[in-house]
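Numbering (the working numbering), first residue to last: 342 to 523.
Beta carbons are placed, not taken as given, at the ideal position from N, Cα and C, and that holds for glycine.
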Amino acid sequence: MNYALHRKDQGHSLLETIVSLSVFLLVLFAVYIVLQSNQTIYAKGEGKVDVQQSARAAMDQISTLLRNAGYFPENFDANPVNDLANPVAIQVATDNALAVYGDADGSGTSNVFLFCLNGTSLIRVRAAVGTPAAYTCDQGQVLGLNITNPRFAYFDANNNPIPNPPTPPYQLDGEGLGPVPP
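Okay, here's the thing in structure tokens:
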């Protein structure tokens, strides 16, 4: 009997099988490493997108309310009894908080709207003027999450920063959060 003719029919040797499995496992491990790193990169990118979208939505709400600040519907109705005498539209103006007064939300009633940071949440507080709750940042509607360092900047009519140079912390109105402005 000729063993050379039957050797082709025997299949793979144990050594060939081990080498093939080793190469297959190395390729499989490399694919797993690439997949794992891509999932980590995707999760980080998704977190950044969520934070950016949250900040955009918060800035959109703040800018909409600021455009309407200083409108006092009580002064334009037929009832002169409820008119507000010399209302101040900007109640608190610091580098990290802003409180405006007026009918900013279109409700028909003037209120104070405070924008401030509570932990990592950007908060909008709506309250009646003169109440302590209107100037404290511990309750209100969450506008944005995971926000760490909001800064409000103020400019004059010539687009010059106020104060000049704007070095935080600053309080343009002499008030801070907590006390009720005059």
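Just mark residue i as buried or exposed, buried being the case when its beta carbon has 16 or more other beta carbons within 10 Å.
i      : result
Asp424 : exposed
Pro520 : Unreliable placement is indicated for Pro520, whose pLDDT of 47 sits below 50; the coordinate value is still reported in the next sentence. Result: exposed.
Tyr442 : buried
Gly485 : buried
Leu355 : exposed
Ala494 : exposed
Val483 : exposed
Pro523 : Low confidence applies to Pro523: its pLDDT is 45, below 50, so where it sits in the model is not reliable, and the reading given next is rough at best. Label assigned to Pro523: exposed.
Asp497 : exposed
Asp444 : buried
Ala426 : exposed
Hey, could you find the ends of the alpha helix (DSSP H) residue i is sitting in?
i      : result
Ile403 : Leu355 to Asn409
Along the chain, where does the beta strand (DSSP E) containing residue i start, and where does it finish?
i      : result
Arg465 : Ser462 to Ala468
Leu605 : As shown, the chain starts at 342 and ends at 523. That puts residue 605 outside it, with no answer to give.
Leu484 : Gln482 to Gly485
Among the options, which residue has its Cα nearest to the Cα of residue i?
i      : options                           : result
Ser462 : Arg408, Ala440 and Pro491         : Pro491
Gln402 : Phe456, Phe365, Gly411 and Leu362 : Phe456
Ser404 : Ile503, Phe417, Ala440 and Asn500 : Ala440
Pro510 : Asn500, Ala468, Asn437 and Ser451 : Asn437
Asn459 : Asn487, Gly449 and Ser451         : Asn487
Arg446 : Ala410, Gly471, Leu366 and Thr508 : Checking the sequence shown, residue 446 turns out to be Asp, not Arg. Nearest C-alpha to Asp446: Ala410.
Thr435 : Ala419, Thr508 and Gln393         : Thr508
Report yes or no: do the stretch 429 to 438 and the stretch 364 to 378 share at least 3 C-beta pairs separated by less than 8 Å?
no
Every unbroken beta strand (DSSP E) within the stretch 428 to 454, with a cutoff of 3 residues, ordered by chain:
As far as the stretch 428 to 454 is concerned, its whole beta strand (DSSP E) runs of at least 3 residues are 431 to 434 and 438 to 443.
Does the stretch 380 to 399 come within contact of the stretch 469 to 478, defined as at least 3 CB pairs closer than 8 Å?
no
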